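See below for the structure under consideration.
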């Protein structure tokens, strides 16, 4: 398999594809109701429920083993739930075989037929649906054009780079005009530059066609940049489902807060009145932002949520500085051996070399609080 990144990044802009767009179906709703699935003593799904609106792209995000791929495979019909329902436009489809669910699926491993060229790979689903040869060629050519691979129509998978193979797999899934598109970590096998480009293009194409899409990934950057909403999973359950900005700025649990982005844990003292004292400042706790009892707690704060200034008698010492472009990340060792990450403009950080005494403070915005060591 070729893996030349230059081949991936050349001439890959998705084209308008007017004919393909004109034949796109209205969006389809998807509902998962109380799905549970066990493999021996391992419970992969534990009462998972999720509603996906017509035309929406929802990403399931979580660590390996959290149940996200199991959920996707149940929707596709490759796995059967022990309990629960999958509804498509309100119709329960659990008894319907995978081949008759009218869904397109793109796998991490591409799964192209090695003995077929790109055009025939894309047209394979239509062939199984008894479409005429002329219709198959026309539709496959339209989709290859949309994904920027018209010139590679006669090439075989081994002649294509990884990114090109994945675009052929995407075109194949869309050629049948599926009611639902399922993406199972489709970008994880690609290098960083190609992955960045393809995620933008997949999102553009999905929005253009209006295809309801369920996307599984362990990469938080992919999920936040591509999805209308992100569901964070843990141990077979959804911890939170929200728009990316809400998920980042108002995580519902400590697990979500620390899985999505970087999060500092600062020692604090929780009072009964819904406030917490941290870094010498009393700040409110966000609504629903704690289940901890009053007393010692951990306060969760993003690096950009802290402020820092040079102060000879400050509460911390800069231990490291990382240049990130417009911003820099400071590692600051506070009294009590707590190290925090603070993001500030690089123009200000330039004066804060390692060893600089600083004062780290917290604005009075509401914060998320967790039980100590939770």
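Numbering (the working numbering), first residue to last: 228 to 601. Where is the CB? At the ideal position from N, CA and C, for every residue including glycine. These figures come from a predicted structure and were not determined experimentally.
8 Å contact criterion, which residue i and residue j should meet: CB distance rounded
i, j, result
"residue 496", "residue 523", "6 Å"
"residue 627", "residue 297", "This structure gives no information on residue 627, because the portion of the chain shown stretches from 228 to 601."
"residue 547", "residue 558", "4 Å"
"residue 505", "residue 493", "5 Å"
"residue 554", "residue 572", "6 Å"
"residue 458", "residue 285", "6 Å"
"residue 278", "residue 263", "About 17 Å separates the two Cβ atoms, so there is no contact after all."
"residue 441", "residue 314", "With 8 Å as the limit, residue 441 and residue 314 do not qualify as a contact, their Cβ atoms being about 13 Å apart."
"residue 398", "residue 421", "Not a contact, Cβ separation roughly 16 Å."
"residue 344", "residue 394", "Between residue 394 and residue 344 the Cβ distance is about 14 Å, and since that is not below 8 Å, they are no contact."
Cβ shell of residue i (< 6 Å), same chain only, five flanking positions each side left out
i, result
"residue 534", "588"
"residue 334", "411"
"residue 591", "510"
"residue 490", "484, 527"
"residue 453", "426, 430"
"residue 480", "466"
"residue 310", "263"
"residue 593", "511, 513"
"residue 470", "456"
"residue 360", "none"
Reduced DSSP category for residue i - H, G, I as helix; E, B as strand; rest coil
i, result
"residue 566", "strand"
"residue 558", "strand"
"residue 320", "coil"
"residue 384", "helix"
"residue 523", "strand"
"residue 260", "strand"
"residue 348", "helix"
"residue 278", "strand"
"residue 182", "With the chain covering only 228 through 601, there is no way to say anything about residue 182."
"residue 310", "strand"
"residue 364", "helix"
"residue 546", "strand"
"residue 403", "coil"
"residue 376", "coil"
"residue 589", "coil"
"residue 574", "helix"
"residue 272", "strand"
"residue 265", "strand"
"residue 331", "strand"
"residue 440", "strand"
"residue 298", "helix"
"residue 325", "helix"
"residue 551", "coil"
"residue 408", "strand"
"residue 584", "strand"
"residue 244", "Unreliable positioning characterises residue 244 in this predicted model, as indicated by a pLDDT of 43, which lies under 50. The coordinate reading is nonetheless provided below. Here residue 244 sits in coil by DSSP."
"residue 339", "coil"
Same chain, Cβ closer than 7 Å to residue i, five either side skipped, listed in chain order
i, result
"residue 312", "260, 319, 321"
"residue 354", "363"
"residue 338", "396"
"residue 330", "303, 405, 406, 407, 409"
"residue 578", "537"
"residue 350", "363, 364, 366, 367, 402"
"residue 370", "247, 349, 398, 401, 402"
Own chain residues within Cβ distance below 8 Å of residue i, not counting five before or after
i, result
"residue 488", "447, 475, 529"
"residue 254", "280, 281, 282, 283, 437, 438, 439"
"residue 293", "460, 461, 462, 463"
"residue 323", "304"
"residue 596", "495, 497, 503, 512, 516, 517, 519, 524, 525, 526, 527"
"residue 289", "295, 445, 459, 460, 461, 486"
"residue 562", "542, 543"
"residue 249", "With a pLDDT of only 39 at residue 249, under 50, the local geometry of the prediction cannot be trusted, and the value read off the model is given with reservation. No residues qualify anywhere along the chain."
"residue 501", "511, 512"
Distance cut-off 7 Å: residue i Cβ against heavy atoms of the ligand ADP
i, result
"residue 573", "By its list of ligands, the structure shown contains no ligand whatsoever, and the ligand ADP lies outside what it can speak to."
Jot down the residue ranges of each uninterrupted beta strand (DSSP E) in the stretch 447-473, minimum 3 residues, whole runs only, in chain order.
Runs of beta strand (DSSP E) with 3 or more residues, each lying fully within the stretch 447-473, are found at 456-461, 464-469, listed in chain order.
Looking at C-beta atoms only, is the number of pairs between the stretch 299-310 and the stretch 458-468 that lie closer than 8 Å three or more?
no
Can you list the alpha helix (DSSP H) stretches of 4 or more residues lying completely in the stretch 479-538, in chain order?
481-486
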